[in-house]
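**Q** Handing you this structure, nothing more for now.
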Amino acid sequence: MGFRVIKGGMLTTVQDLGRSGYQSQGFNVGGVMDVRSFRIANLLLDNPENEAVLECTLIGPTLEFTAAQIIAITGGDFRPELNDEPVPMYTAIYVNKGDVLKLGSARTGRSCYIAFSNYLQAPVVMGSRSTNLKCGIGGFKGRKLMDGDFLDMRIKRRVYLPYFLSRTLPIREYEDSAVTLRVIMGPQEQMFTHRGIDRFLNSEFTVSGNFDRMGVRLDGSFIETKRGSDIISDGIALGAVQVPAHGKPIILLADRQTTGGYAKIATVASVDLPKLAQCRTDDRIRFRRITVEEAQALLREEENSLQEMRNQIHKPCREVLAVRLTAKRLEQLFPA
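Start counting at 1 in the sequence shown, then tack on 13, and there's your number in the working numbering.
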């Protein structure tokens with residue numbers, strides 16, 4: 014049991030939270046780009062927080078299921094359809110054997126996530142099922158999904174169908190105006206001139222076409238250094254903003270290298286990385302300085318928000334449940 018890939022999409026990979034604990038050995042973390050959407054998808058299905066999902070980029074896949082299960086789709090709006098009928102996002106959706114799920118091109122955002130009520134049968138490599146494209150490990154044969162692939166799945170538990178089909182959350186809307194990313198300055202802030210720092214914090218940048226899982230380069234004002242941007246290579250944190258000699262900031266993301274030899278003017282607060290992960294070419298970016306303590310407080314607020322969502326989806330919704338049960342019974346009585 015599992016699903017067949019009719020169309021692989023632009024870049025569809027198996028991902029989880031990545032491989033923590035190996036950066037000191039030169040191996041990057043990887044994992045999902047938008048952690049928030051990933052967590053919500055698994056939350057909707059009562060999955061373990063680190064359960065592997067499909068991450069789809071810009072153009073989604075088309076999948077044919079060979080067994081019934083429940084799925085949830087979160088992140089950017091890829092206009093999902095089940096058997097040519099639109100289906101909602103941020104909702105638990107029942108799919109039957111033979112059903113075809115089609116995701117189109119992203120209407121909003123950049124990435125979306127498909128979670129499943131069954132296990133994706135991907136090998137665990139260094140504690141993770143995430144696909145590492147450069148190393149060719151994890152996920153499905155260490156690569157993106159392609160037309161004709163078949164992914165095995167294993168039933169992990171019995172599910173009470175009505176309990177899941179009463180679950181829905183508000184759809185996440187993405188900003189049309191400039192996205193503000195909150196940053197903690199440093200660790201090489203002292204290498205930049207006052208004018209360079211002022212431009213970084215008070216200018217508007219645009220997302221360039223150089224955007225992949227490793228990082229994104231921004232176009233805009235030249236960020237000036239005092240005596241060049243080269244440093245003795247040191248560790249790279251998720252969200253680090255490095256500035257090479259060309260003066261254009263590069264924000265490093267999930268598949269970043271473990272060390273780097275360019276000065277880093279700031280680091281994006283982890284709570285804002287999902288916003289960045291959903292940006293597209295020519296989107297506008299602004300930076301705002303905050304303290305470490307403020308970043309920690311924002312992260313606590315984010316965790317509280319996710320806990321509220323967890324409480325919300327576990328609260329019975331009798332009206333929705335009754336309607337969906339009736340619809341399901343009618344479908345069984347009068348099949349198309």
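Heads up, the beta-carbon is just placed ideally off N, CA and C, and yes, glycines get one too.
Fair warning: this is a prediction, and the values are worked out from it, not measured in the lab.
1. Taking the beta carbon of Gln82 as the centre, do at least 16 other beta carbons fall within 10 Å, making it buried, or is it exposed?
2. If we count the other Cβ atoms within 10 Å of its Cβ and call it buried at 16 or more, is Lys110 buried or exposed?
3. Tell me whether the region 46 to 55 and the region 193 to 213 touch, counting them as touching only if at least three CB pairs, one residue from each stretch, are closer than 8 Å.
4. Please classify Asn131 as buried or exposed, where buried requires at least 16 other C-beta atoms within 10 Å of its C-beta.
5. Can you give me the C-alpha to C-alpha distance between Leu158 and Ile298, rounded to a whole angstrom?
6. Put Ser283 into one of helix, strand or coil per three-state DSSP.
7. If distances are taken between C-alpha atoms only, which option among Thr271, Pro74, Thr238 comes closest to Phe205?
8. Over the uninterrupted alpha helix (DSSP H) stretch that includes Ser318, give me the two end residues.
9. Count the CB pairs spanning the region 70 to 89 and the region 34 to 41 that are closer than 8 Å, and state whether there are at least three.
10. Identify every residue that forms a DSSP beta bridge with Ala276.
11. Where in the region 39 to 92 do unbroken runs of the alpha helix (DSSP H), each at least 4 residues long, occur, reported from the N-terminal end onward?
12. Just to confirm, are Tyr275 and Ser242 a CB contact at a threshold of 7 Å?
13. Give the DSSP-derived three-state secondary structure of Gly222 in the structure shown.
14. Take Pro287 and list the residues in its own chain whose beta-carbon comes closer than 7 Å to its own, dropping the five residues that flank it on each side.
15. Helix, strand or coil for Ser37, going by three-state DSSP, please let me know.
16. Can you check which of these residues, Cys69, Arg293, Leu30, Asn324, is closest to Met23 by C-alpha distance?
17. Along the beta strand (DSSP E) that carries Phe213, what are the first and last residues, could you check?
18. Where does Met14 fall in DSSP's three states?
19. Across the region 301 to 308 and the region 255 to 274, are there enough close Cβ pairs to call them in contact, namely three or more that are closer than 8 Å?
20. Quick check on DSSP: helix, strand or coil for Met198?
21. Are the CB atoms of Ile236 and Gly273 within a distance shorter than 7 Å?
22. Taking just the CA atoms, how far does Ala135 sit from Gly15?
23. Who are the Cβ neighbours of Ala258 in its own chain at under 6 Å, not counting the five residues just before and after it?
**A** Let's see:
1. Here Gln82 is buried. Its C-beta has 16 or more other C-beta atoms within 10 Å.
2. exposed
3. Put simply, the region 46 to 55 does not touch the region 193 to 213. Fewer than three CB pairs are less than 8 Å apart.
4. Burial call: buried.
5. Rounded to whole angstroms, Leu158 and Ile298 show a C-alpha spacing of 31 Å.
6. Three-state DSSP puts Ser283 in a helix.
7. Thr238
8. Ser318 -> alpha helix (DSSP H) spans 305 to 326.
9. no
10. Answer by DSSP bridge pairing: none, since Ala276 is not bridged.
11. 48 to 57
12. Yes. Within cutoff.
13. strand
14. Asp47, Val48, Arg49, Ser50
15. helix
16. Cys69
17. Per DSSP, Phe213 belongs to no beta strand (DSSP E); it is in the alpha helix (DSSP H), 207 to 215.
18. The answer is coil: DSSP assigns Met14 none of H, G, I, E or B.
19. no
20. Annotated three-state conformation of Met198 is strand, per DSSP.
21. no
22. Gly15 and Ala135: Cα-Cα distance of roughly 12 Å.
23. Cβ within range, chain order: Ser242.
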